[in-house]
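Q: Residue numbers (our numbering), protein chains in the order written: chain H, 168 to 487; chain W, 168 to 487; chain F, 168 to 487; chain L, 168 to 487; chain A, 168 to 487; chain R, 168 to 487. Note that CB positions come from ideal geometry on N, CA and C, so glycine has one too.
#1: Leaving aside the five residues before and after residue 185 of chain A along the sequence, list all residues of the same chain whose C-beta is less than 6 angstroms from its C-beta, in chain order.
#2: How about residue 338 of chain F: is its C-beta nearer than 8 angstroms to some C-beta of chain W?
#3: Helix, strand or coil for residue 353 of chain R per DSSP?
#4: DSSP state of residue 299 of chain R, grouped into three classes?
#5: Entirely within the region 180–259 of chain A and at least 4 residues each: give me those alpha helix (DSSP H) ranges in chain order.
#6: Note the first and the last residue of the continuous alpha helix (DSSP H) segment covering residue 453 of chain F.
#7: Helix, strand or coil: how does DSSP classify residue 370 of chain L here?
#8: Please state if the CB of residue 422 of chain H and the CB of residue 389 of chain W are separated by a distance shorter than 8 angstroms.
#9: If we call anything under 8 angstroms between Cβ atoms a contact, is residue 367 of chain H one with residue 319 of chain H?
#10: Could you tell me how far apart the beta carbons of residue 364 of chain F and residue 382 of chain F are, in whole angstroms, since I believe they sit closer than 8 angstroms?
#11: Over what stretch of residues does the alpha helix (DSSP H) that includes residue 307 of chain A continue unbroken?
#12: For residue 320 of chain F, which beta-bridge partners are listed by DSSP?
#13: Taking a cut of 8 angstroms between CB atoms, which residues from the region 373–394 of chain H lie near chain F?
#14: Under the three-state reduction of DSSP, which class applies to residue 261 of chain F: helix, strand or coil?
#15: Can you tell me which of L:428, L:456, L:441, L:437 puts its alpha carbon nearest to the alpha carbon of residue 438 of chain A?
#16: I'd like to check one pair, residue 244 of chain R with residue 452 of chain R: are the Cβ atoms closer than 8 angstroms?
#17: Indicate whether residue 429 of chain F and residue 418 of chain L have their beta-carbon atoms separated by less than 8 angstroms.
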């Protein structure tokens with residue numbers, strides 16, 4: 168089946184092909200009429216789509232994150248292309264060419280996971296090294312970590328983004344830590360490994376990245392501490408106790424890494440390592456999101472991006 | 168041994184009796200001289216004390232929270248009575264009349280714990296009732312809960328204060344919950360029970376109330392979630408799974424009860440019950456601390472307390 | 168005349184029937200063309216309507232809050248139904264079936280007013296009881312109180328909402344007050360009665376709820392104090408002076424009930440009763456608005472409402 | 168009786184003379200001992216004084232703001248002179264030379280009140296002119312206005328300060344108003360007259376300036392609106408109604424003059440005149456308090472004052 | 168060529184005439200299609216315009232701020248008139264009647280510049296008078312000052328607005344300064360002259376007012392200090408040194424005039440003159456922008472403007 | 168002359184030796200008596216000192232930062248040692264052994280300056296390399312840079328601290344820059360060199376570190392831009408223009424390095440390099456001040472420092 172990538176769709180085009188249903192909502196007018204508002208995607212992009220006059224059976228007939236065969240027609244509305252769907256049918260993953268839809272770069276994640284393992288296994292602190300092995304031996308954890316995103320819409324908001332952010336931070340810790348003799352570089356690096364792991368449970372990457380119930384009710388900081396508790400329990404199954412104070416330090420690295428109470432850390436960083444971790448997290452996240460704002464900017468003004476509300480400024484984008 | 172209660176000490180009095188060492192700090196002048204700054208207490212009050220020209224051996228010779236026999240002399244400094252200690256010796260609890268020193272009201276805590284049990288056992292939600300039994304069956308938990316404080320210096324800052332605050336809130340929940348049919352009153356009441364339990368580990372009540380290492384590094388909100396996890400694990404040991412969604416709701420009640428991110432809750436309340444819990448917590452805590460500010464006020468102005476910085480205002484104290 | 172309720176209107180329908188003109192604005196394009204933007208309502212709902220190419224005579228020919236007979240046609244714009252009016256004519260209330268338009272539940276308001284009277288007459292404080300009688304004897308006040316709203320768009324934003332909010336708070340005060348012996352429960356309950364009465368003058372309920380000039384220039388807190396002054400003057404007409412200190416306390420309850428300066432109270436609560444009143448107000452208002460956000464949510468996601476900007480979060484809406 | 172002015176007292180001096188008791192507090196040590204902390208003043212200054220080992224009868228034997236004959240001795244404590252009182256006796260105003268104690272400049276207040284009357288009688292708006300006459304005909308009002316302070320410790324914190332601030336602002340309004348044709352200069356000037364009149368009731372100038380109960384419970388903004396209501400009632404006693412909209416505007420000028428909600432105005436300024444009034448108030452108050460900070464500064468650094476916490480900065484004080 | 172002014176354009180009109188290209192952006196759909204979004208202006212107003220399916224050559228074929236001959240058709244979209252351009256061609260200024268396009272009032276600017284010169288030459292401080300001559304002798308400076316705007320979208324956002332704001336403030340300084348003997352009125356007035364001169368370089372008035380690169384990277388406060396440095400260097404070329412302390416004072420007036428750190432002043436005002444300058448700036452800017460909000464308001468509600476987000480309120484607009 | 172180092176002084180010691188007058192203030196009691204409050208220092212520490220009953224001649228007889236021979240006696244006041252001076256005499260530097268007083272480590276500053284030169288000369292960007300040579304060729308600049316402090320009381324508050332902070336940041340830039348290919352590492356590193364150079368003029372290191380008039384009136388950010396302007400003028404003296412855009416970028420690095428408006432940067436960072444510079448500055452400054460808080464902490468609690476108000480927390484200080 169020969170399909171047109173989303174990025175190549177144009178106005179007034181008849182559509183008869185497969186998309187991924189990245190998001191779907193059943194909307195109701197005050198007048199009682201129902202329609203489905205969808206976001207249909209493939210690897211090349213995403214397009215808003217509407218299907219009018221539907222009922223709940225129709226809405227339930229396909230899954231968020233699943234594949235759908237659509238008939239309809241594109242149109243331009245307010246200067247943006249959208250798709251009016253007249254017919255939609257759920258189809259099985261086996262019937263689609265998954266390469267058309269997958270934005271996740273498995274090779275890159277494999278490479279990063281290998282690098283992450285090297286760093287962790289190179290730590291001098293034995294309990295941390297052994298605890299790392301507990302994490303790395305958990306295949307389900309590793310598989311989910313590889314595909315996790317670091318955010319819904321902020322920095323590293325793509326499948327694999329959490330791993331990328333984590334490894335970049337660990338590498339920075341390896342550079343910065345030794346510059347300050349007062350820092351325990353192993354604790355710092357292990358903190359970078361741990362700090363956002365709760366996002367594996369906080370965010371769902373099926374379809375569009377979105378919060379899970381657990382993510383919204385409990386949040387990745389507390390989840391990360393819970394996950395650490397499970398891994399330490401596994402560690403201790405072979406009879407050796409994990410050092411109690413080190414456990415508090417690891418929990419503290421996770422709990423305080425947002426740096427300030429008003430950014431969602433229930434405790435301020437009170438160790439030199441947690442202070443440093445917060446700043447390195449901040450630097451890597453800001454650089455990623457600002458770079459992305461520059462790369463995706465479409466304004467015609469050669470030197471400056473459009474004003475980006477989430478950043479509160481325009482950015483200089485001209486190549487020197 | 169006939170001792171003078173702290174509240175009855177006067178200026179220029181020779182001292183030769185036992186105190187409790189509520190707090191002790193080894194201080195160092197820039198000139199290198201060391202002295203001990205202590206707070207010595209009995210049931211009737213607390214007095215600041217200094218011992219000059221000491222060494223670390225002296226400082227280590229008695230414990231914070233332990234009993235000490237002191238020689239010295241009182242004096243007034245800046246209008247406040249203090250004690251200059253010339254000799255100090257640690258003595259065993261067996262040698263003192265504990266009744267002279269204990270502010271904790273065991274009978275009141277027993278009464279409150281009984282009331283707490285009644286309320287929990289009266290819930291209609293079976294898993295919550297059974298989970299309550301797991302908590303109540305843990306004798307160590309019950310014993311520590313009875314003596315725990317709710318704060319170092321804010322509301323309910325005394326041994327037994329956490330239990331008092333918890334039961335008062337649960338009773339309010341029993342009154343307010345049924346007024347709003349949209350609320351799950353059982354979840355609300357159980358949330359009141361759980362919300363501050365992490366303070367049992369966050370605060371130490373030996374000597375003066377103070378933060379534990381775990382309290383400062385991790386904080387009572389995360390500790391409370393960890394404790395809940397242990398109790399649910401106990402619950403599930405007899406083979407029955409605790410309802411997964413209910414667990415998230417309980418965790419959420421703990422995580423969000425400060426009501427706003429900048430007050431230390433890593434997630435905002437997003438359930439009607441967690442919103443209500445936050446407001447009831449706020450009401451009970453504010454009323455307690457404002458009432459205490461009025462009761463302890465020593466200003467001679469009949470209608471108004473002195474300005475209380477932690478409250479940001481003077482309070483009307485005249486009895487109508 | 169057989170009219171279609173607003174809630175049953177559909178796309179492309181010819182309209183020839185009566186509406187209530189809930190709101191009207193004369194808008195001017197930069198190009199100088201004028202049009203009327205209206206909100207037309209009946210009991211079942213409200214619909215946006217436009218009438219193009221009008222002059223000021225046309226705009227002045229009907230009243231905000233009055234009844235109008237309209238010709239026109241419905242259409243869907245940006246997914247929402249709207250009405251393009253081609254002809255509009257003011258008609259007298261005598262010509263319409265008021266039952267089609269009235270959202271106000273007079274029976275409920277009668278019931279609540281009776282309850283309010285019971286509570287006030289049950290107070291033990293004689294001057295407060297007598298002052299209550301002055302309010303209740305003012306028929307104009309009672310009539311306007313019954314129909315008043317508590318807000319334009321926040322909590323209890325409907326005719327009768329102020330009374331509902333007031334009685335709910337007074338009932339809470341009756342429950343909470345006796346739990347804290349340090350509180351004067353009568354003062355607390357009377358404060359709940361008084362706290363928002365200024366909204367009777369601050370808001371107009373003709374047509375859509377909106378601010379009066381006095382409401383915008385002076386505000387309900389100051390108006391409430393002014394109203395209290397008038398009622399105390401009436402009280403004193405029979406020769407007895409109202410207790411001076413009690414008057415200050417009542418004024419303070421009104422002035423401080425927003426709880427913080429930045430929320431519009433020119434003075435902080437400095438009495439235990441005013442502190443309590445603020446928290447009870449906050450609890451009832453928040454529960455109402457959060458419940459309304461859940462009830463009116465139209466998102467198709469079973470567990471969560473859409474993000475509500477005024478609340479700053481999504482709410483859990485699944486029934487447990 | 169030959170007395171030494173407070174400003175001329177030195178260390179180690181025997182005291183046997185009259186002071187004014189500017190402030191008095193009965194303080195209690197935890198040890199139960201009571202002492203009186205006083206501030207004793209005359210025209211030349213104020214000195215802190217303590218009287219040890221007193222009872223409540225002693226404390227009640229003289230009045231705040233009254234005259235007392237004291238025996239005692241001066242001493243330097245922490246580099247400041249204080250007075251240890253051994254005997255104190257209340258004496259009648261008739262027995263003292265009031266000129267030794269009065270900081271209030273009656274001539275200056277008379278001059279300013281005359282100027283204020285000229286400005287008000289020069290307004291072109293007839294109802295405002297007539298309303299001004301109602302205020303000026305109230306002898307009690309005029310007498311209290313002349314002696315009122317504008318603040319406890321901020322700007323214009325002295326008897327007569329309110330009048331000075333008011334007239335200075337009215338003169339500025341006379342200059343600034345005509346520069347902006349869009350302003351109603353009469354409304355602006357009358358707003359300057361009204362804006363702080365509530366302080367006459369908010370602050371007491373007997374002894375040290377302090378808040379009255381009414382001031383703390385209700386605040387000068389609401390009091391000012393209440394006073395305006397009384398004066399308008401007087402105005403209308405001769406049968407003529409005061410213009411309703413103008414009344415709202417005057418109330419609004421008072422209510423909004425702090426300029427922002429968080430500064431204690433329950434409504435924002437929404438008229439050009441109230442916006443202007445706020446800025447002129449701000450300018451005059453800031454200039455007064457900064458000038459006072461420079462004049463009273465005692466630091467030895469020729470160019471800069473000490474850091475002033477209420478202002479958040481050091482000020483340049485060198486004469487150019 | 169007979170052209171229709173922008174203010175007189177109506178729906179469905181064929182267009183074949185010249186506009187000024189006030190702004191232009193090249194926009195890209197996700198689908199890769201490019202279009203130009205323009206704002207086309209003449210003296211009478213501005214209209215949004217779109218040209219679909221363009222390439223970069225087309226976009227580069229005319230300049231922002233230049234003149235263009237357009238073919239196309241007007242249409243109403245969301246109630247606002249816009250222009251769909253089908254053909255666009257850059258034309259030279261010599262071919263247009265500049266009077267049709269120029270909003271700048273040269274006569275008014277000449278008048279204001281004369282007045283500014285009078286004030287500066289009337290100062291008693293000789294070095295300030297001489298420094299003023301250096302500025303006024305710089306023809307390029309004078310020419311650019313006359314046409315500069317004071318803001319992009321806030322107060323005085325039009326060519327000539329900076330001069331208007333500057334002279335209005337200087338006149339206020341001449342009135343207010345002498346009212347306060349503690350002020351150096353010359354320094355105050357010269358500060359008003361200097362305070363916003365950096366905006367001449369910060370903003371570009373070609374086409375729509377917009378920030379220059381230097382404006383966005385460095386900002387008018389720092390630019391103003393740089394400009395002052397250049398002028399003082401010119402001053403000193405004839406061998407006389409400018410007084411060093413006075414230079415610091417002038418720099419301080421520029422640096423601190425926003426009044427608070429969070430408003431962009433890197434230093435707080437610490438001189439009475441800089442405090443006063445800030446308040447006068449604030450008053451003039453606020454009055455201008457509030458007056459403009461009233462004058463341009465198009466709501467049909469006689470007493471109130473629409474809510475203006477930048478001001479955070481509705482304004483009373485009824486003429487008393 | 169055999170002197171006792173400040174760190175070795177004890178209570179009740181007769182003093183007859185030389186100190187450095189780190190700070191001096193002439194204080195005046197309300198009673199008109201004058202005294203000098205001094206801080207006397209040598210390399211080992213600093214001690215507060217008072218001289219009573221002085222006149223201005225005495226105060227002027229020695230210089231802040233100069234050497235003085237003092238007679239007097241030590242005493243303990245409020246637990247801190249102080250010196251009551253009875254006689255003081257200014258003496259010339261030639262008469263003292265400067266080694267007793269100098270905290271500045273000239274060798275370390277030489278080493279750091281060499282390293283700084285290496286880094287700057289290793290940049291690939293030719294104009295930056297040449298501009299660096301202009302700075303390095305200015306001997307006065309180099310000499311003052313070597314001795315400058317980075318703050319009065321915050322991080323790196325010692326002579327030589329600015330150089331230490333600058334070089335540490337440049338080294339971090341050398342490590343971090345290459346990790347992010349989107350960064351211009353040369354611009355980043357040069358920005359680190361420039362960012363705080365204005366502090367050379369903002370702070371005076373004679374005696375105690377303190378602000379200069381220029382520092383308080385203008386501030387180091389603007390001064391840094393002024394210094395850059397002078398160096399670029401020197402650069403251009405040999406006929407070559409410095410690249411205009413690069414100049415704006417350098418100015419922007421200085422102007423924006425505090426990262427947020429409310430921290431004193433008049434412009435936000437809008438380049439990836441300025442964003443990065445801010446984070447690296449923050450990291451190095453925070454680590455330094457937190458490490459210093461740990462090192463200088465004197466509390467006897469083994470795990471935690473005392474609460475440090477400037478940091479808003481206690482810090483974990485136990486060595487793991």
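A: Straight from the coordinates:
#1: 234, 236, 263
#2: yes
#3: Helix at residue 353 of chain R.
#4: helix
#5: 223–227
#6: 439–462
#7: strand
#8: Their beta carbons are under 8 angstroms apart, which means residue 389 of chain W touches residue 422 of chain H by this criterion.
#9: no
#10: At roughly 13 angstroms, the Cβ-Cβ gap does not stay under 8 angstroms, so residue 364 of chain F and residue 382 of chain F are not in contact.
#11: 306–314
#12: Looking at the DSSP assignment, residue 320 of chain F forms no beta bridge with any residue, so it has no partner.
#13: 380, 383, 384
#14: helix
#15: L:456
#16: no
#17: no
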